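For the sequence shown, my numbering begins at 349 and goes up steadily by one. For glycine and all other residues, C-beta sits at the position ideal for the given N, C-alpha and C. Please read these numbers as outputs of a predicted model, since none were measured by experiment. What follows is a set of notes on a single structure, which appears directly below.
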Amino acid sequence: MTTKTIHTQKKLFPVTGMTCAGCAISVESILKSAPGVNDAGVNFANSTAWALYDDTQTNPVLLQKAVQAGGYDLIVNAQDPSKAQEEEQYKKYLESKTRTIWSSIFAFPVFLIGMFFMDIPHAEWISMLLTIPVVFWFGRNFFIGAWKQVRHGKANMDTLVALSTGIAFIFSAFNTVNPDFWHSRGVHPHVYFEAAAVIITFISLGKLLEERAKSNTSSAIKKLMGLQPKTVRFIVNGTEKEMPVESVVPGDVIIVRPGEKIAVDGLVSSGNSFVDESMITGEPVPVEKTAGEKVFAGTINQKGSFRFEAEKIGSDTLLAHIIKLVQEAQGSKAPVQKLVDKIAGIFVPVVLVISVLTFAIWMLFGGDNAFTHALLTSVTVLVIACPCALGLATPTAIMVGVGKGAENHVLIKDAESLELGYKVNAIVLDKTGTITEGRPRVTEISWLEGLADDSLLSQILYNLESRSEHPLAEAVVSAMAVVATDNFALQNFESLTGRGVKAEYSGSRYLVGNRKLMEENAITIEPSLKQRANELQASAKTVVYFSDARHCLAIIAIADNVKSSSKNAIHQLQQNGVEVFMLTGDNVQTAAAIASEVGVENYSAEVMPHDKAEFIKALQAKGKVVAMVGDGINDSEALAQADVSIAMGKGSDIAMEVAKITLITSDLQSIPKALLLSKKTVSTIRQNLFWAFIYNVIGIPVAAGILYPYNGFLLNPMIAGAAMALSSVSVVSNSLRLKAIKL
């Protein structure tokens, strides 16, 4: 029996040269049609493409050549593809900045001449000479983009810009060079150089802002990769050596010192410590590690030191798995076909058809001045179809909406989330740092009756905990209003792994630790303290015991408190028809207590990062539009998978990089505000698109000469330009109304 060898590979490539969602669709179709490719997809938002291909029929270089033939490029052989893509984006940003600055310098005098000084000597020639570099050099990318779209049978904003500016320039240049053509026919020739130059400049400014956003966005994947140290300390033949992390192989023994990051996955062989695994579990309390315990790459050792044997390295580690899943979740999203591009795809062909029909009808029925009227009306149709208002409709509303969000402590990173937010009908909340404060605090210290005012015992407890390496000890120290005393006379201090600490003071022994430590030392716990401890544990709080050699003197309750605003925010979301879910890596008892306190019926405990993303996928499969709210690295995959991703401002940098919305104050009450802002912004965008088109809907038929048979009226192209300006003013004014809304 023969075994069939599988040669299918799936790879992710950075893409360059894309300027719009239409470009993304073109690259995707090129990849899908390439020989040996089974499937492919392109994400315009992060400029990446993936291809599932048979490596016996094709390879990345052949795929790159196919894409290059279409006018785009794949980065396949770079040593660091992400860095190469960032450098390319920054280069494009600098080029866009240069084009915008120079086009502004040339366009400004053309605007002044066209609007106010059209009667100065040789005004038309000066304007034409200044407009030539603006249209054909600084604006050449619009014509290149339009040509790419034509080759693939599509149209977008580049098509609109190229048509309107190109026709306006050619018509104006003809009138400048040969004005007698019109004079002999009794018509005064108009020029529209200012329209062509200003359109190029304004649209270039919009492109510049887009490139700036791309070049300034640091990569979440890059930061995740940065969690792994560059070097490790090996034990080789009994000698300690520092070596590059790439040289680690399974079975190597690695030393981890206090404060260091763990390089690869493995098992502790000797020593003990507490390790901060919040990047995996999201829980704030470091986990104790002793011999035989698993440790994971990217997690951070605390105060102790230990040795561990490497098990999984490179792409097999849990950190590498998280990185891969975040990449796949980001790349799996279909390219977003922006609303304006969709409209332009229909609008441009319609305008072209109307312009051609206008010219043909006037040539057939125009009488003596058929050609004159045909040319003027067809050009006027194209001039009035200028995309300024259409181009302003979405970005002005988004800009005001983003500003309004910032005023209300909601930072919005992209328009897509602002446009999608109002559709959210399911929201997934992380527990730690999202619903809760994200750090353990002492909620109660209950002393044995009669000891509450004993300052000496407080000093002993404080000094025991200040010397302890256990992370919960820090919560006790910070909560006690005790003045630290240098060289407090504790003797024989000892840390008891997994149980607590003990020491002596003036010949008496004192202990701080868990219930197990009390039982091992036969400590008597009075019924009142025992009952209170049971009540605290039932409410998902951690109980620490303080005793002398015979009796328990106090119990300390420690918990991650629920934020004061969480319950109200969750209730408000539920009232607005949004289903609320809570996912946490914490235990079932704690999860149940927190869920009950804040009023969440749907919750899951002991959830790993991948499980959160799978949970969101399951909700999306049911047709839900899902928002994910988290604060840790462990939430990054789920944030990338969600339709709308929201990070807490006091959370990890990774979470904030992946998420498209950040709550500056980490207050959940900002979420209903963000969703309301989305609804208002989308409504404004729709109104803007109405105003952007209403002038065209009315003006294009008039420009085509529909009123001429009745009253002899032909729309002057200058009036068409004024209508265009009025539509732009209407759009901007309507967007500014968003500033007045109350969230």
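Selection G855, P469, A544 evaluated against W485 yields A544 as nearest (Cα-Cα). Rounded to whole angstroms, I468 and G462 show a C-alpha spacing of 10 Å. Its Cα nearest to that of T845, the residue V860 stands out among L987, S854, V860.
By a beta-carbon distance limit of 8 Å, A1040 contacts V1079. Their separation comes to about 6 Å.
At least 7 Å separates the beta-carbon of A754 from that of S1083.
With a contact defined as Cβ atoms closer than 8 Å, E608 and P577 qualify at about 7 Å.
I903 places its beta carbon 7 Å or farther from that of L931.
Rounded to the nearest whole angstrom, the C-alpha separation of E767 and S1026 is 6 Å.
A straight line joining the alpha-carbon of T1029 with that of Y770 spans about 9 Å. For secondary structure counted as the alpha helix (DSSP H) over 4 or more consecutive residues, the region 703–770 holds these complete runs in sequence order: 718–732, 736–755, 763–768. Cα atoms of F695 and D506: separation of roughly 13 Å, rounded to the nearest angstrom. The Cβ neighbour count for A851, taken over all protein chains shown within 10 Å, is at least 16; the residue is labelled buried. Residue state for S595 is assigned as helix, using DSSP reduced to three classes. Assignment of beta-bridge partners to N950 by DSSP yields F929.
Beta-bridge partners assigned by DSSP to S843: V849. W398 sits buried, since 16 or more C-beta atoms from the chains shown fall within 10 Å of its C-beta. Looking at the backbone, the Cα of K637 and that of D991 are separated by about 37 Å. Nearest to E954 by alpha-carbon distance, out of S913, D934, A432, A940, is D934.
Counting only the Cα atoms, I602 lies some 18 Å from E625. When the five nearest sequence neighbours on each side are left out, the beta carbons in the same chain lying within less than 6 Å of the beta carbon of N756 are those of K1021, L1091, in order along the chain. The closest CA to that of V539, considering only G751, I551, A943, F517, is found on F517. By the neighbour-count definition (other C-beta atoms within 10 Å, threshold 16), H818 is a buried residue.
Between V596 and V612, the CB-CB gap stays under 7 Å. DSSP places D802 outside both helix and strand once states are collapsed to three, so it counts as coil.
Closest in alpha carbon position to F841, among L812, G1047, L1062, is L812. Taking a contact to require three or more Cβ pairs closer than 8 Å, the region 864–881 and the region 975–991 do not qualify as touching. Under DSSP, K637 takes part in a beta bridge, and its partners are S621. The alpha-carbon separation between G419 and Q922 amounts to approximately 49 Å. Taking 7 Å as the cut-off, the beta carbon of G997 is found no closer than this to the beta carbon of S1018. With a cutoff of 7 Å on beta-carbon distance, K889 and A905 are scored as near each other. Beta bridge pairing from DSSP links Q357 with Y401. In this structure E659 is not in contact with S617, their Cβ atoms being roughly 11 Å apart against a cut-off of 8 Å.
Here DSSP, grouped into helix, strand and coil, assigns R655 to strand. Note on the region 465–508: whole alpha helix (DSSP H) runs with a minimum of 4 residues are 471–481, 488–499, in chain order. The beta carbon of G652 lies closer than 7 Å to those of P606, G619, N620, S621, F622, E817 in the same chain, with the five residues before and after it left out. Pairing V390 with V375 gives a Cβ-Cβ distance under 7 Å.
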